[in-house]
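Enquirer:
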Amino acid sequence: MQWANASEFFAMGGYALYVWGSFGVCAVAMITEPLLVRHRRKQAIKNIRNNYFS
Amino acid sequence: MINWFKYSAPSTFYPLAGRMIPVFWTMAAILGAIGLYISFFVAPTDAQQGEGYRIIFIHVPASWMSMFIYCIMAFWSLLGLTFNTRLSGMMSSALAPTGALFAFLSLWTGALWGKPMWGAWWVWDARLTSELILFFLYIGFMALQAAIDDPRRADRAGALLSLVGVVNVPIIYFSVKWWNTLHQGASVSLTKSPSMASTMLWGMLIMALAFWAYTIAVALMRARTIMLEREANTEWVQHLPDVKEAA
Chain A
5 MQWANASEFF AMGGYALYVW GSFGVCAVAM ITEPLLVRHR RKQAIKNIRN NYFS
Chain B
-6 MINWFKYSAP STFYPLAGRM IPVFWTMAAI LGAIGLYISF FVAPTDAQQG EGYRIIFIHV
54 PASWMSMFIY CIMAFWSLLG LTFNTRLSGM MSSALAPTGA LFAFLSLWTG ALWGKPMWGA
114 WWVWDARLTS ELILFFLYIG FMALQAAIDD PRRADRAGAL LSLVGVVNVP IIYFSVKWWN
174 TLHQGASVSL TKSPSMASTM LWGMLIMALA FWAYTIAVAL MRARTIMLER EANTEWVQHL
234 PDVKEAA
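Read top to bottom, the protein sequences are chains A and B.
If you're matching positions, the first sequence starts at 5 in the numbering used here and goes up one per residue.
If you're matching positions, the second sequence starts at -6 in the numbering used here and goes up one per residue.
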């Protein structure tokens, strides 16, 4: 373990912008993508219900 | 022998994929947690690059996945053109957005790594430029498919594009050898022992496995959705429990 405390961890030895900018965007992308797919799936199911069951 | 053609029917593939998705999500979450722990708490500070090098733990796996997904897409395209199965085109279409995402993440994390280490967000270097072309190939594939109304024709056009574009993948991979570039050489080589600390290597490999599990999970989800969209008029879709019950 190389971090003495939390603020040292978040500072990333002066590279905070670059390290957190990379990991942050990656996390946002990998959370958003499955949510978008889930939305598309719900939409597809809704369309089938509207067009074929009624 | 397994009858692979049986699983190439969307009606048999759909429930099978449904059972696999939670397994791969679980794998992705566990491997991702271990990988992040190694990235930030186990891997030592780099002698030259300080803490800035930690970007490697997502940059390299994202780059690998962007190339790997393109190869899988080309493989499905070849199957689709050869056997004319519906599933192949659905799988290619399901993989393309995730591949594009990883190509983007590779470029994004690369820019954020390049700025502090090289002093530039971007350089027109062989490795970076060929990865940018890969990103455009994914976008081109998606745009081409979206532009053609008949899904079967869209699949064939997309399959041709992805097969022609696959030539770019070895160019990316070998670019650091073939040209003088600013980009460092391959992080992991099959022919010589790794040049980095083994904890760094493990962190990278575990993150790559997490990304791989994520890709399978999200691509299967998208493939199932594409099946619902394209085969909405069929009996098997209308009789699915997912469609009949309240969502």
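By construction, the Cβ of each residue, glycine as well, lies at the ideal position given by its N, Cα and C atoms.
(1) Quick check on N2(A) - is its C-beta less than 8 angstroms from some C-beta in chain B?
(2) With a CB to CB cut of under 7 angstroms and the five nearest residues on each side skipped, what residues in its chain are close to I62(B)?
(3) What are the start and end residues of the alpha helix (DSSP H) that includes M214(B)?
(4) Name the chain A residues that come within less than 9 angstroms of V157(B), Cβ to Cβ?
(5) Pull up the DSSP beta-bridge partners for D39(B), would you.
(6) Following the continuous alpha helix (DSSP H) through S81(B), name the residue where it begins and the one where it ends.
(7) Quick check: what's the CA-CA separation for A240(B) versus K46(A)?
(8) Going by other Cβ atoms of all chains shown within 10 Å of its Cβ, with 16 needed for buried, is D143(B) buried or exposed?
(9) Please list, in chain order, the chain A residues whose beta carbon lies closer than 9 angstroms to that of A225(B).
(10) Taking DSSP as the reference, what is the three-state secondary structure of W24(A)?
(11) Going along chain A, which residues have a C-beta under 7 angstroms from T174(B)?
(12) Would you say T78(B) and L71(B) are within 8 angstroms of each other, going by their C-beta atoms?
(13) I'd like the span of the alpha helix (DSSP H) that includes F13(A), first residue to last.
(14) Just checking: is the beta-carbon of V32(A) within a distance shorter than 8 angstroms of some beta-carbon in chain B?
Expert: To lay it out plainly:
(1) In the structure as shown, chain A begins at 5 and stops at 58. Residue 2(A) is therefore absent and cannot be evaluated.
(2) L88, T91, G92, F95 and T208
(3) S191 to R223
(4) Neighbours of V157(B) on chain A: none; closest Cβ ~26 angstroms, over 9 angstroms.
(5) G43(B)
(6) R79 to W111
(7) The predicted model places A240(B) with a pLDDT of 49, which falls under 50 and marks its position as unreliable, so this point remains unresolved.
(8) exposed
(9) A48, N51, I52, N55 and Y56
(10) helix
(11) Near T174(B) there are no residues of chain A at all, since even the closest Cβ is about 20 angstroms away, more than 7 angstroms.
(12) no
(13) A10 to A15
(14) no
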